[in-house]
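Just below is one structure, and these are the notes that go with it.
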Ligand code: ADP
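Numbering (the working numbering), first residue to last: 926 to 1151.
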């Protein structure tokens, strides 16, 4: 049993899901004049929806989560605020997944208040109905049990984080700080229940060395806590 429930999503899934999402939007007879991607996760689905719905106008808005020093309160903010006039346009706000719903709620409020579109609807490939505070107007897949969906556009970022988590947690539990790459790769499969191309593991290790999370000594990796 993996420690963290992860599902690997590949590019062909994304095309199928975006296609299905486009059909749902089409069937509802909503014809957006502009698509707005929530950056960064909404970029690829938003671009595909433009293609599948024949929409030329694509904008984006970036929301970011701030982990406050005291932890606990993770709150989302709009990262680069700008104001445009969408008063003669129907808009579709797109994200990859609605998990807590915070990003979508925040972006929606910001756009309604500042960009004033004629109409604004929301769409996501996936909606985690058991935890989300908001249900998007359109979604391709309802997810009831929480998973981390490992999307193809965050593969390196996720693998890097995943490895870091193994190193930190093992060190905390047992004090172990020295690893061989093969050992780490095996642990990765056990923790997350997925396999990724070896080059992602290698590149993630390089990143962690660059960030001084680990140090390569002879043929081993040494975790540098703190
Ligand atoms: P939302 O506000 O849409 O619920 P969050 O604010 O929780 O999403 O997270 C923001 C972004 O983090 C999402 O758009 C997505 O790119 C990523 N993310 C959040 N939860 C997941 C998940 N369960 N699997 C994969 N990516 C996720």
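We treat Cβ as the ideally placed atom computed from N, Cα and C, and that holds for glycine. Remember, it's a predicted structure, so these values are computed and weren't measured experimentally.
DSSP, reduced to helix, strand and coil, places residue 1021 within a strand of the structure shown.
For residue 1006, no beta strand (DSSP E) segment is defined, and its DSSP state is neither H nor E. For residue 1085, the enclosing alpha helix (DSSP H) stretches over residues 1080-1099. Exclusion of residue 1086 from the 8 angstroms shell around the ligand ADP follows from its C-beta lying no nearer than that to any non-hydrogen atom of the ligand.
Looking at 1059, 1005, 1010, the one whose alpha-carbon comes closest to that of residue 1026 is 1059. Under the three-state reduction of DSSP, residue 982 is assigned to strand. By the neighbour-count definition (other C-beta atoms within 10 Å, threshold 16), residue 1056 is an exposed residue. Here residue 1038 carries a helix assignment [DSSP, helix/strand/coil]. Contact annotation: residue 1114 and residue 1108 have beta-carbon atoms that are not nearer than 9 angstroms. Residue pairing of residue 1063 in beta bridges, as defined by DSSP: 1048. Of the heavy atoms belonging to the ligand ADP, at least one sits nearer than 8 angstroms to the Cβ of residue 963. The alpha-carbon of residue 960 is positioned some 40 angstroms away from that of residue 926.
Proximity of the stretch 1005-1023 to the stretch 961-970 meets the contact definition, three or more beta-carbon pairs being nearer than 8 angstroms.
Looking from the CA of residue 931, the closest CA among 1145, 1077, 976, 1037 belongs to 1077.
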